[in-house]
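In the working numbering, the protein residues as written are 2 to 500.
Note that the Cβ used here is the ideal one computed from N, Cα and C, for glycine as well.
Being a predicted model, the structure only gives us computed values, none of them experimental.
Please read the structure below before turning to the comments.
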Ligand SMILES: Nc1ncnc2c1ncn2[C@@H]1O[C@H](COP(=O)(O)OP(=O)(O)OP(=O)(O)O)[C@@H](O)[C@H]1O
Ligand SMILES: [Mg+2]
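Structure below.
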């Protein structure tokens, strides 16, 4: 294993924030090197320096032994450094294969060889057991498929260094497995892999080395075999964090919402569920099982073909998100960057957006807006120099926290969380769970979509499992276990029971 990149005394300063303070670390070929740290610790900044997207304020970079200035992503790419970014980076209106081959189109003479690009795209995705129509625009696929397409795009460029910034945040377990096999193959080929994740179990599974960052400082680099999860957490956070889930005992209140035999387009049917006040109800299933579509139907984004919804005892016909929000229903979306935030607005503006109608009667109240925002920033420990910072400048996990803060600041009674703890660090995850708990203690109800089974088991009173567009099982009390959920989710119990 030989060193391929070495960073020496790297600093990166932004206005009001020092994202990296004197970081020295090196990465080797044929090695999976994990980068961990809390939200805002500097992980994405570090890899943007490696990719040439940011210039360090100070410090030197050595690539294959030679001091190198990676002045642009293009230069990074020429050197053979590629990254799968934390954000979804595809062009929504281009097809899957156009995205994979963007700026690297295969030509036949002067024209693009579309057929060949389609064939190769199909093949690349097939390696991840994804068989989709690669000629369709990517916008019609789910966030997890986007991620896999992005990964395929990067692998297709045959780089020497691949950086994954939280690739699994929105992937299902099955997709994580196929990603890991592919990472192992890449490693065998001698590619250097830099891997960022908040899921510590993954680090143990895939990483050879672990580097911990805290507040922009390099805390240490150790062989993964010498570290357990608790050690990593302690290095990351500087304190002990409980990795257990705690829920308050709440009397289940009256029914808040009920879905009766809904049928949605894409052949989803038999969708019946209910959520009462004081309950956190899980909606489990593989990515693609149709969970997000159910959430979107309740919000009026996704048309309902058949069946009915009853909300607080009355028939409810969702027409649009704004109408649902008025009724007290709020969704924290999965694809937060595109659906949950206006990146060019400040943190305060973004949080206020969801509460605005309440104040619209009055004139625009900047001061009130700042107070609400500061409150939310404190509540969820959002790392930002002030409420006036643009959301675009926050770290990925802190952007997620802003979306969740928005939801908690509305006067909603029924919240739907689509993958609430994706991309947030262990400490923040605990905070979000505590807020969900307080929300239902105060009489609200939550429907939680999550692919994180321990989270579902730890947080939910009841769980509905979706399989191929149907709700196939409701699990209550002691039945809510990892195993039970997994078996229904994967369809094995479904076939057995002939459901
Ligand atoms: N362009 C920018 N302008 C101003 N501040 C920035 C910018 N980019 C990052 N920061 C700040 O630098 C710090 C480190 O951010 P970074 O995105 O590297 O964190 P991270 O470790 O990737 O966190 P996460 O786990 O949430 O993705 C944060 O405080 C962030 O707000
Ligand atoms: Mg990041």
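(message) Taking only three categories from DSSP, how would you classify residue 363?
(response) Caution is warranted here: a pLDDT of 49 is assigned to residue 363, below 50, making its placement in the model unreliable, and the coordinate value is therefore given only provisionally. Coil, per DSSP.
(message) Going by C-alpha to C-alpha distance, which of 34, 40, 11, 28 sits closest to residue 394?
(response) 40
(message) Please report the straight-line C-alpha distance between residue 222 and residue 36, rounded to a whole angstrom.
(response) Taking the CA atoms as reference points, residue 222 sits about 9 angstroms from residue 36.
(message) Could you tell me the alpha carbon to alpha carbon distance between residue 362 and residue 330, rounded to whole angstroms?
(response) Model confidence at residue 362 stands at a pLDDT of 42, short of 50, so the residue's coordinates are unreliable and nothing is read from them.
(request) Assuming residue 168 and residue 152 form a contact by the criterion Cβ under 8 angstroms, report the distance between their Cβ atoms to the nearest whole angstrom. (result) The beta-carbon separation of residue 168 and residue 152, rounded to 6 angstroms, stays under the 8 angstroms limit for a contact.
(request) Rounded to whole angstroms, what's the CA-CA distance from residue 496 to residue 8? Just pull it up for me. (result) 53 angstroms
(message) Classify residue 304: buried if its beta carbon has 16 or more other beta carbons within 10 angstroms, exposed otherwise.
(response) exposed
(message) On the CB-based measure, 16 or more other CB atoms within 10 Å of its CB, does residue 229 come out buried or exposed?
(response) Exposed: under 16 other Cβ atoms inside 10 Å.
(request) Take the Cβ of residue 306 as the centre, count every other Cβ of all protein chains shown within 10 Å, and call the residue buried at 16 or more, exposed below. (result) exposed
(request) Take residue 239 and list the residues in its own chain whose beta-carbon comes closer than 7 angstroms to its own, dropping the five residues that flank it on each side. (result) Sequence-distant Cβ neighbours of residue 239 in its own chain, meaning closer than 7 angstroms and more than five residues away, are 215.
(message) Which residues does DSSP list as the beta-bridge partners of residue 213?
(response) 37, 221
(message) As a quick exercise: from 14, 87, 79, pick the residue whose alpha carbon is nearest that of residue 60.
(response) 14
(message) Residues around ligand 2, please: the ones whose beta-carbon is closer than 7 angstroms to some heavy atom of it, in chain order.
(response) Qualifying residues, in the order they occur: 44, 45, 87, 166, 167, 197, 396, 397, 398.
(message) Once DSSP output is grouped into helix, strand and coil, what is the label at residue 9?
(response) Residue 9 falls in the strand class under three-state DSSP.
(request) Report yes if the C-beta of residue 42 is less than 7 angstroms from at least one heavy atom of ligand 1; otherwise report no. (result) yes
(message) On the DSSP letters alone, give me the boundaries of the beta strand (DSSP E) that residue 195 sits inside.
(response) 193-197
(request) State the Cα-Cα distance for the pair residue 147 and residue 134, rounded to the nearest angstrom. (result) 13 angstroms
(message) Report the start-end ranges of each beta strand (DSSP E) in the stretch 291-320 that is 3 residues or longer and not cut off at the edges.
(response) 305-312, 315-317
(message) Looking at residue 20: is its Cβ nearer than 8 angstroms to the Cβ of residue 217?
(response) Yes, they are a contact pair.
(request) Would you tell me roughly how many angstroms separate the C-alpha atoms of residue 122 and residue 48, rounded to the nearest one? (result) 26 angstroms
(message) Using the Cβ count rule (16 or more neighbours within 10 Å means buried), how would you classify residue 98?
(response) Answer is buried; the Cβ neighbour count reaches 16.
(message) Tell me the DSSP secondary structure of residue 138 in three-state form.
(response) strand
(request) In angstroms with no decimal places, state the Cα-to-Cα distance between residue 51 and residue 255. (result) 54 angstroms
(request) Given a cut-off of 8 angstroms, decide if residue 446 and residue 286 are closer than it, judged by their beta-carbon atoms. (result) no
(request) Would you kindly report the start and end of the unbroken alpha helix (DSSP H) that includes residue 44? (result) 44-52
(request) Compute the Euclidean distance between the alpha carbons of residue 381 and residue 16, then round it to the nearest angstrom. (result) 23 angstroms
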